[in-house]
Structures are given as C-alpha cells and as structure tokens.
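Comments concern the structure below.
Number of protein chains: 2
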Amino acid sequence: MNAYQELTRRHQRIYRLGHLQSIASWDQSANMPEKGAEARAAALAEMGGLLHELATAPEWPGLLAQAAAEPLDDEQRASVREMHRHWRASNALPQQLVESLSLASSRCEHAWRTQRHANDWDGHRPMLQEVVKLVREAAQHLSQAGGLSRYDALLDLHEPGMRAAELERVFGDLKSWLPGLIQEVQAHQSTQTVLTPVGPFPVAAQRELGRAVMGLMGFDFEAGRLDESAHPFCGGVPEDVRMTTRYNETEPLTALMGVIHETGHGRYEQNLPRHWLGLPMAQARSMGLHESQSLSFEMQLGSHPGFAAQLSPLLQQHLGAQPAFEPANLHRLLTRVQPGYIRVDADEVTYPAHVILRFEIERALVEDEIEVDDIPALWDAKMQLLLGLSTVGNFKNGCMQDVHWPAGLFGYFPCYTLGAMYAAQFFAAMRREMPDLDERIGRGELQPVFDWLRSRIWSQGSRWDTAELVRRASGETLNPAHFQAHLRARYLG
Amino acid sequence: MNAYQELTRRHQRIYRLGHLQSIASWDQSANMPEKGAEARAAALAEMGGLLHELATAPEWPGLLAQAAAEPLDDEQRASVREMHRHWRASNALPQQLVESLSLASSRCEHAWRTQRHANDWDGHRPMLQEVVKLVREAAQHLSQAGGLSRYDALLDLHEPGMRAAELERVFGDLKSWLPGLIQEVQAHQSTQTVLTPVGPFPVAAQRELGRAVMGLMGFDFEAGRLDESAHPFCGGVPEDVRMTTRYNETEPLTALMGVIHETGHGRYEQNLPRHWLGLPMAQARSMGLHESQSLSFEMQLGSHPGFAAQLSPLLQQHLGAQPAFEPANLHRLLTRVQPGYIRVDADEVTYPAHVILRFEIERALVEDEIEVDDIPALWDAKMQLLLGLSTVGNFKNGCMQDVHWPAGLFGYFPCYTLGAMYAAQFFAAMRREMPDLDERIGRGELQPVFDWLRSRIWSQGSRWDTAELVRRASGETLNPAHFQAHLRARYLG
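These protein sequence lines map, in sequence, to chains B and L.
Under our numbering, the residues of the first sequence are numbered 1 to 493, in order.
Under our numbering, the residues of the second sequence are numbered 1001 to 1493, in order.
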C-alpha cells in the first residue's frame, strides 16, 4: 500500500464513522425524545473526540509528504491537495484552545437564547467578549499555520480561497447600488395589489405539498427524506440526505420556500461525485457554493415568474384554491421587497445589506480594530446607511439576532451573499448557453437547469478550487454584475 | 487512575460509541431510504470493527487482573465479573473465524429468504451445512475458553449460567404435561363462540391505539418512541428506547399485542440502573430475562382476563365499537389455542413445543450427534409428538421457517421459553406477596406490577447472576411448576 492508498483508507474510515455521527445528529433534531439528550450529547462528543484523534494522528504529515512524491495522476494530486487542507484545518488549533472555545461558545449560545429574548445586551456582552477573545486566539493560530490574515484564516475554513480584500471589492460594488435599488423596487411595488393567503393550512397538507415540490425539483426520495425540526437544515450524508423543515398553520409560503431552499442543498449533496466518496475531494466545494445551490433553487428558480405557474397548481391541489395562489399574485408574494430588522426574514434584495454589515463588523472585530462594546453603535450606523432603519437600544432585533457569533462562528456570514452572487452568475451563464431558458422554466422544463448544475457544479465536488470551478462553470471568476443584473431584471423588469 | 477506573473509562467509551451504532441501526430499519443501504452497511461495519478493536485491545487482560487485586466494594467486584465475561466473549474467537462465519451466515440468510419461499431444502442444505460447520468451530473455541460443552458455550452467550442439562430438566418437565394440556384446552375451548373483529382498521388509528396502550403500560415517551419497520424490534439505548411495529389493516390485535410485547422489553431497558450506565453491570441480565419482561407484559398482563377490561375501551375508542371488542370476547380472542406450524404465530400454550423441538435439534447438531441432513425427519417426528402435525416435505413451514439458524444463531431459542417460565414464576411470587393482585389488575391498577418488576428485575441490571437474580426476586431458582400452574389457571380455570 503506498502513502496515497493509506491516506485514502484513513479518510474512508473517518467518512464512515462520520456517517453515523451525521445520522445521529439529524436524529437528535428530528426524533430524539427529551431524556435522550444527555446520553446523545455524550455519544456525539465521544465520536467528535475520536474523529479528531483519527484526523490528527502523528502519521499524517509523513504520509502527505510521501504521497506528494508518489507518481499520481491529476485527480489524485487534487485529492492530496484537499487532504492536506483538511489535515491543516484539523491540526492548526491546540486541543486546549478547541476545548475552551467549545465551552465558552456553548455557554454563550445557551445564555443568548434567554438574553436575546430579554434584549439584555449588558448581560450578553461579557460572554461574547470571552468568545471573541478565544476566536481571536484561534484565528491567530490559523493565521500562522496558513500565512493568512486572521480574518482571512477564519473565512478560509468556510470559503477556501476567498479573502477579505476580494469581499471588500465585491461587497463595495454592491453597496454602491443596493440602497438605491431597494428604493427603486419599493417605489415600483408600491402600486401593486398583493393578496395574502387565507388559512389555516393543516400541517399534513403542507407536508404533502413540500414533498410534491421536492419531487418537482428532482429530489431523490430513494436517497433522502423530509422530516421536521425546530431549526430546518439539510443533514445526513450524500447517499442519504436528511432535510428538515417546520410548518406554520397560518402561513404556508415560508415553509415551502424553506423546503425549496434545502432541496438545493440536498440535490448538491445527492449528486456529489460517487467515485470519490469518502475522500475530501468528493465534498461540496465551499459553503458559498453550497449556498449558491440552495439559492439557485429558492431564488433563481423558486421566485422565477415562470416557476410560479408550476407552483400554483400544486398549492391549489394541496391547500385548496384561492386567489392568492394564482400565478401572478403568487409571484408578487414571493418577490415582495421590504427592509426589515431580521436577516432570516429578509427578501432577496435587502438580504445582502444584512450580510455586508455583519462582514464589516466581524472582520474589524477579529482583526482587533474594534471591540465588542463598539458593535451596537456600528450596527445602528450601518443599518441606517444600508436599510434606513434605526436599531438604537433594540439589541434583540439588532446585533443580538443571530446565533453565529455567540456560537463562535466568525467568517461565515459572507457565504450567504457569495452564494446569491454565484447563483446569479450561473443562471446568467445558462442563459447565454440556452437563450430560451426563461421560456423553458415557464413551461415547467426544469431538467436543463438541473443538468447544467449537475455537470458544472455538483459532479465536480472539490476537484477544483472555487475560483477555477466558477470559471469553468460560468466562463469567469466571481463577477457581482450578474447579481445586480438579476435583481434589476426580476424586480424592475 | 486505578485499573478499575481505567476499565470503566474504556467501557464508557465503547458504550457511547455503541449508542451511535444503535441509533443508526434503528434508523436503518425505521427510516433509511433504499439508496442509503450500502453506505450505512459500510458505516456500521466500520464501527463494528472499531468496537471490536476497542474490546480486544491488548491491555484488557492486564487491567482485569490488576482490578481483581484492587480494594473494591461488592458492587465493583460484580462489575469486574461482568467486564471479564464481556472480555472473554469478545476475545474467544479468532478474527478469521468471526469473518468467515459472518460471511457464510450473511450468504445463507440472504439465500434463505428466497429458498424458504420456494420450499427449496435441497438448495438450502449445503449453505446451512457451511454455517453449521463454522458454528461448531466457534462453539469449540468458546468451549475451550470457558470450560463448557460446545452447546453450553453458545447458550452462555445469550443466557449466562444456563446449561443444556438444566434445560433438559425443565423442558423434560414441560414435555411430560404439555401435549395433554393442549388437548384439554382445545376440548375446553371447543364450545366457545368467538367473534372476529371486522375491519378495515386504518393504520393511523392503530398507531394512536398502540401509543395509548404503551402509555397505559407505563412506557416513558420522554425516553423513547414507537415507529414502524418490516420486522418489529426494540432497539435504541436505555436513555432513548426505539420500539417498532408493523400494522395490518385487516387485523389489529397482532400488532397491538406486538406493541405490548415490545413495551415490556422497552421498560426493562428504560429502567436499567442509571448509576452504572455504560458498564456491563447496567445491562439487562440475559435474553431469557429480557424475554420474561416482554412476556410479563404480553402474556401475564396483556392476556389477563382483567386486562381485557382495560384494553376494551381503548380499542373501541380508537378503532370503533364492535361486539368483538367487548372484554369477554376480547379475552377469548387473545387466549385462543390452536396447534400450528409456525412458531411466531403460536399461542402461549403451544409455543413451548416449538422451542423444545428446536432446542433438541440444535443441541444435537452443535454437539455433532446429528447432521444437517437429519433435521427434516427429526422435525417431523417431534412436531408429530408434541403438536400432532406432519411436516413431511413441508420445509417452508417446518425446519426452514426461522431466520435463526441460517443467520448462525444457535443457543438462542431456549430463551423464549425460559422467559415464559420466569414470567410465570415472577407473577406467582407477586400473588404470594399481593393476594389481591388479580383483582387489582381487573381494576386497572397496574402500578404494583410495574413497581415489583422495577425493584426486583429492572433496577438490578446484571448485578447478580441469573439464578441469584431469580432467587432474590421470587424466592427460588427456576421452577417450571409455576408455568404449568399459570397455563392451567388461565386456560382451564
């Protein structure tokens, strides 16, 4: 067995054990009764420790060095590149720091659930300061290991290859036109009449509707399921994708669009390259790319005017006919733009504003340019600038609204808007190749879209770095002009 | 850390990883879509290998020897006894033999699924011969490791402490009166009129009924669930018990009694001693004891004439009122005795005949007294003797009906009837302590039964060996007279 084969064997062992971890995590959210929580947490922590042991065994650096000297083909070289990246990420942090950060962020996140509700910034601040202190330490370690700035080192964990300088370029572009566009769209929509669906809509009917729409979007139910959990997610393994959602009996569209969003994640996973499964190269390229697939489904397709004609009969079949579900009204419902405080409730047009302000704050925080105490004032100033809203004193709907920072997750927010930009760029490329794409979507011919995404993105796994994958798929690297053009066409067209 | 603490740590690691194994196995039966099968099998096999590695690490014998010399209290000594038993069972077989047996029995079981359906004994025979050959080898290894006869060594894996000689004594007792009793009961029942329930009975209603009856039987839904699978079982972990069942829309009682049966297994697991969890001593004592709990629920309680009065209103509430569900008729339905070919369909009175004949054949087979070729004739002779039925040429409903032998499982069948005998003995002891027990059950006061089982059996885990546990619980070791008295009272009383 040469070093490459030995590396492959080790990755496959980690992959297989991770499969059980993944299914048990899904079960924890979707099925587990209350009294199972403690034992499950202990079991998952034990497995987490074991997987970390396996990923940091002392043989790795030698094996990686040996493999680099072996006669490998191009794919195998790409595979070693990804193995190396995984090894570096697993080994950069001292065990002690991993444990302190895990402890501090668990405590902070747990407290946040109550503190946010109580708008208690003063109570939250010291706990967040502790998390930020440890995140800065972690970023420092990662920075030294990878030769990147501290924020770039965190960003690289989620969006390999992306840098703050590049984000500043593309987000700077967005900032130059987004506030103006929001106003234009609001003026444009101010004369529209939009009917709101009148419920109630029984959960059982919504569940069947969700499954029908997943079927329409090509989800393979022989390789996955849809269940329910308090916080919807797409988990499981590529061979058995576990999507969850939650239902609201008075308002069915949020759950439905959530299902469509997760279906994008799910199809990416279901169609990752089978012949590399178990190797890092078979994994989704990045979180931004993952988000580009969920947003391709939710926004590019799901809110497409032609797609409303596909959704409308399914809604009427499962939830009963009513004027709000007619295609034209449905499309207006799904494309309503309204600046608001809450990121997760934001529409497609205002969403990037929420991401940009978080990126700017977390970058400065990680780079020691600001402190936790500065967050509320910065939040308010940026919300005023980008969305014209004041958040003075309104912490719960301001800087305390997201779980990310209390949970120690920094460098992740940009992925959401990178995903939206990639998705727009991919659909622009599709339209160049298939000039009648929009007519096809209007006729319910979605297969060309799925085929394009499968061949260009899903089947490529982590074969190429992100910039190369995007260039091969769409003919150019990240270009925010496509996102602007998409928004103008959809919301002002 | 002394050796005992190190042993504890190692067992807890195995227990925690086993938790994930157990939940993923349940998921495999209850949730997993088809295309997940291959990856799941690989993941479970990887974990199986890892757990075996952990259980056979070279440090165990030294740690066990050191622990034996440490100053331990009585409980800790009992704990070391069980740790030693586990270590011996994990280490007795050469890895090569474990793999050959696993392969041969997987192939045989897989083929059996088709061969049984086709009544194809000639096709099945050579595959079963291969399994028996390897089982004999395994029994030989276990025999040498434990100083037992070959069959006793297999039996000891499932029912520690039980020996074939003891089984011959108690089963010999049963054989002396069972055929006569069956005839008496059939004569007694021949004049009864029994109404059959008229369906259909929708699955959703049966599901609610099952949950209601589980609630009546004290199942803790905060520490477990009821789901569906092709082959009902009780899995999961003590902190989160996963029961499954399957429904038949035309006949609801089989599923219902199956749920009651599994609830007995489930409550045993849910009430194992919490302070030892993770250690072998916290595990259920034996498969016979486990079966005694499911049969305490299904037979002693579930088919009790007084319990029919508890079941009847729930049946009528969930499935609609009909004369067949009146208490007296319901009790007659649940206690109908009729010799038949199939063990899993057998009633409480004829069931032991099925077990005794299997025990006699598998014991002789493992001890080299007979060969696979001899099975059909022996099967027929014993069925004639015990139940008056001929199985000549009828392999599918004769010696090919069970999965156990094709799957390599020998020494397990006796546990079913041991369980029935233990259950009868426990209820006899309860009646001595609570002379009004039957009236209480008739009034729906089940708590005294549960309290007795919890304090005497469930909470004891594997603190005592089986004979001692049974003696402490009921005042005597295994005594088949209680089973006979139970059957006479219930079926001829």
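Note that the Cβ used here is the ideal one computed from N, Cα and C, for glycine as well.
As the structure is a computational prediction, the values presented were derived from the model and not from experiment.
Does DSSP classify methionine 1243 of chain L as helix, strand or coil?
For the purposes of this step, residue 1243 of chain L is taken as the residue at position 243 of the second sequence. DSSP places methionine 1243 of chain L in strand when its eight states are reduced to three.
Hey, could you find the ends of the alpha helix (DSSP H) leucine 1134 of chain L is sitting in?
In the second sequence, residue 1134 of chain L corresponds to position 134, counting from 1. Here the alpha helix (DSSP H) through leucine 1134 of chain L covers 1121 to 1146.
Kindly say whether glutamine 1021 of chain L, judged by its beta-carbon, lies nearer than 8 Å to any beta-carbon of chain B.
Numbered from 1 along the second sequence, position 21 holds the residue referred to as residue 1021 of chain L. Answer yes: the Cβ-Cβ gap between glutamine 1021 of chain L and chain B drops below 8 Å somewhere.
Measure from the C-beta of aspartate 438 of chain B to each C-beta in chain L and report whether the shortest distance is under 8 Å.
As a working mapping, residue 438 of chain B is identified with position 438 in the first sequence. No, because no Cβ of chain L sits closer than 8 Å to the Cβ of aspartate 438 of chain B.
Taking the beta strand (DSSP E) that glutamate 1228 of chain L falls in, what are its first and last residues?
Locating residue 1228 of chain L in the second sequence gives position 228, where the first residue counts as 1. Counting along the chain, the beta strand (DSSP E) containing glutamate 1228 of chain L begins and ends at 1224 to 1228.
Just how far apart, CA to CA, sit phenylalanine 221 of chain B and glutamine 1144 of chain L?
Working through the first sequence from its first residue, we reach residue 221 of chain B at position 221. Working through the second sequence from its first residue, we reach residue 1144 of chain L at position 144. Answer to the nearest angstrom: the Cα atoms are 50 Å apart.
Quick one: give me the first and last residue of the alpha helix (DSSP H) that cysteine 399 of chain B is part of.
What you label residue 399 of chain B is simply residue 399 of the first sequence in a count that begins at 1. Taken as a continuous stretch (DSSP letters only), cysteine 399 of chain B belongs to no alpha helix (DSSP H), as it is neither H nor E.
Name the chain B residues that come within less than 7 Å of glycine 1036 of chain L, Cβ to Cβ?
One-based indexing of the second sequence puts residue 1036 of chain L at position 36. The answer, in chain order, is Ala223, Glu239 and Asp240.
State the Cα-Cα distance for the pair threonine 8 of chain B and leucine 279 of chain B, rounded to the nearest angstrom.
In the first sequence, residue 8 of chain B corresponds to position 8, counting from 1. In the first sequence, residue 279 of chain B corresponds to position 279, counting from 1. One C-alpha to the other measures close to 7 Å.
Counting only beta-carbon separations shorter than 8 Å, does proline 1232 of chain L have a partner in chain B?
On the second sequence, position 232 is the one that residue 1232 of chain L refers to. Taking Cβ atoms only, chain B never reaches closer than 8 Å to proline 1232 of chain L, which makes this a no.
How is the beta strand (DSSP E) around valine 1237 of chain L delimited, first residue to last?
For this step, residue 1237 of chain L is matched to residue 237 along the second sequence. Where valine 1237 of chain L is concerned, the enclosing beta strand (DSSP E) stretches over 1234 to 1237.
Chain B beta carbons: is any one of them nearer than 8 Å to that of asparagine 1031 of chain L?
On the second sequence, residue 1031 of chain L is found 31 positions in, with the first residue counted as 1. Answer yes: the Cβ-Cβ gap between asparagine 1031 of chain L and chain B drops below 8 Å somewhere.
Determine the chain B residues that contact arginine 1013 of chain L at a beta-carbon separation under 7 Å, and present them in chain order.
Mapped onto the second sequence, residue 1013 of chain L falls at position 13. Result: Glu46.
Distance check for asparagine 31 of chain B and valine 1241 of chain L, CA to CA, integer angstroms please.
In the second sequence, residue 1241 of chain L corresponds to position 241, counting from 1. In the first sequence, residue 31 of chain B corresponds to position 31, counting from 1. About 12 Å.
Measure the alpha-carbon distance for glycine 1123 of chain L versus leucine 1142 of chain L and round it to whole angstroms.
Counted from its first residue, the second sequence places residue 1123 of chain L at position 123. Counted from its first residue, the second sequence places residue 1142 of chain L at position 142. Using only the alpha carbons, I get a separation of about 30 Å.
Starting from asparagine 1091 of chain L, trace the alpha helix (DSSP H) in both directions and tell me its first and last residue.
Looking up residue 1091 of chain L in the second sequence gives position 91. Residues 1074 to 1091.
Taking 8 Å as the threshold (beta carbon to beta carbon), is leucine 17 of chain B in contact with chain L?
Within the first sequence, residue 17 of chain B is the residue found at index 17, counting from 1. Cβ-Cβ to chain L under 8 Å: yes for leucine 17 of chain B.
What does a CB cutoff of less than 6 Å around phenylalanine 1427 of chain L pick up in its chain, not counting 5 residues either side in sequence?
For the purposes of this step, residue 1427 of chain L is taken as residue 427 along the second sequence, with counting starting at 1. For phenylalanine 1427 of chain L, where only same-chain residues beyond five positions count, the Cβ hits under 6 Å are Gln1300.
Expressed to the nearest angstrom, what Euclidean distance is found between the alpha-carbon atoms of cysteine 234 of chain B and glycine 264 of chain B?
For the purposes of this step, residue 234 of chain B is taken as the residue at position 234 of the first sequence. For the purposes of this step, residue 264 of chain B is taken as the residue at position 264 of the first sequence. When rounded, the distance between both Cα atoms is 9 Å.
Are the Cβ atoms of tyrosine 1491 of chain L and valine 1337 of chain L separated by less than 8 Å?
Working through the second sequence from its first residue, we reach residue 1491 of chain L at position 491. Working through the second sequence from its first residue, we reach residue 1337 of chain L at position 337. Taking 8 Å as the Cβ cut-off, tyrosine 1491 of chain L and valine 1337 of chain L qualify as a contacting pair.
Which residues in the same chain as glutamine 1096 of chain L place their Cβ atom closer than 8 Å to its Cβ, once the five residues preceding and following it in sequence are excluded?
Taking the first residue of the second sequence as position 1, residue 1096 of chain L is located at position 96. Counting only Cβ-Cβ distances below 8 Å, and skipping sequence neighbours, we find nothing.
Could you check what DSSP says for methionine 287 of chain B in three-state terms: helix, strand or coil?
If you number the first sequence from 1, residue 287 of chain B lands on position 287. In the structure shown, methionine 287 of chain B sits in a helix (DSSP, three-state: H, G or I).
Cutting at 7 Å between CB atoms, please list the residues of its own chain near lysine 382 of chain B, excluding the five before and the five after it.
Within the first sequence, the letter at position 382 stands for residue 382 of chain B. Same-chain partners within the cutoff: Leu357 and Glu360.
At which residues does the alpha helix (DSSP H) containing glycine 1442 of chain L begin and terminate?
Counting from one through the second sequence, the residue named residue 1442 of chain L turns up at place 442. That run of the alpha helix (DSSP H) goes 1437 to 1442.
Rounded to the nearest angstrom, what separates phenylalanine 1171 of chain L and histidine 1188 of chain L at their Cα positions?
Residue 1171 of chain L sits at position 171 when you count from the first residue of the second sequence. Residue 1188 of chain L sits at position 188 when you count from the first residue of the second sequence. Whole-angstrom Cα-Cα distance: 25 Å.
Quick one: which chain B residues come within Cβ less than 7 Å of alanine 963 of chain L?
Residue coverage of chain L in this structure runs from 1001 to 1493, which leaves residue 963 of chain L outside it and unanswerable.
Ignore the nearest five residues each way along the sequence and tell me which others in glycine 161 of chain B's own chain have a CB closer than 7 Å to its CB.
One-based indexing of the first sequence puts residue 161 of chain B at position 161. Once the five neighbours on either side are set aside, the close Cβ partners of glycine 161 of chain B are Asp465, Thr466 and Ala467.
Between the C-alpha atoms of proline 448 of chain B and glutamine 293 of chain B, what's the straight-line distance to the nearest angstrom?
For the purposes of this step, residue 448 of chain B is taken as the residue at position 448 of the first sequence. For the purposes of this step, residue 293 of chain B is taken as the residue at position 293 of the first sequence. So the two alpha carbons sit approximately 15 Å from each other.
Can you give me the start and stop residues for the alpha helix (DSSP H) that methionine 1383 of chain L sits inside?
The residue labelled residue 1383 of chain L in the question sits at position 383 within the second sequence. Run containing methionine 1383 of chain L: 1375 to 1387, per the alpha helix (DSSP H) assignment.
Which residues in chain L sit within 8 Å of aspartate 156 of chain B, going by Cβ to Cβ distance?
Your numbering for residue 156 of chain B matches position 156 in the first sequence. Here the premise fails: no neighbours, minimum Cβ distance about 29 Å.
Would you give the residue range spanned by the alpha helix (DSSP H) that phenylalanine 307 of chain B belongs to?
Here residue 307 of chain B is taken as the residue at index 307 of the first sequence, counted from 1. Residues 305 to 319.
Quick check: tryptophan 458 of chain B and tyrosine 341 of chain B, are their CB atoms within less than 8 Å of each other?
By 1-based counting over the first sequence, the position of residue 458 of chain B is 458. By 1-based counting over the first sequence, the position of residue 341 of chain B is 341. Against a cut-off of 8 Å, the Cβ pair of tyrosine 341 of chain B and tryptophan 458 of chain B comes out as no contact.
Compare the Cα-Cα distances from leucine 389 of chain B to each of B:Leu216, B:Ser29, B:Pro58 and B:Thr350 and report the closest residue.
The residue labelled residue 389 of chain B in the question sits at position 389 within the first sequence. Taking only the C-alpha atoms, the option nearest leucine 389 of chain B is B:Thr350.
Of all the CB atoms in chain B, is at least one closer than 8 Å to the CB of alanine 1042 of chain L?
Residue 1042 of chain L sits at position 42 when you count from the first residue of the second sequence. Yes, its Cβ sits closer than 8 Å to a Cβ of chain B.
Any chance the segment 1475 to 1491 of chain L sits against the segment 1413 to 1428 of chain L, with 3 or more Cβ pairs inside 8 Å?
They touch, by the three-pair rule.
Using only alpha-carbon positions, find the residue among B:Leu315, B:Arg332, B:Gln316 and B:Ser105 that is nearest to alanine 405 of chain B.
Here residue 405 of chain B corresponds to residue number 405 of the first sequence, with the count starting at 1. Before going on, a small fix: residue 405 of chain B reads as tryptophan here, not alanine. Selected option, being the one with the closest Cα: B:Ser105.
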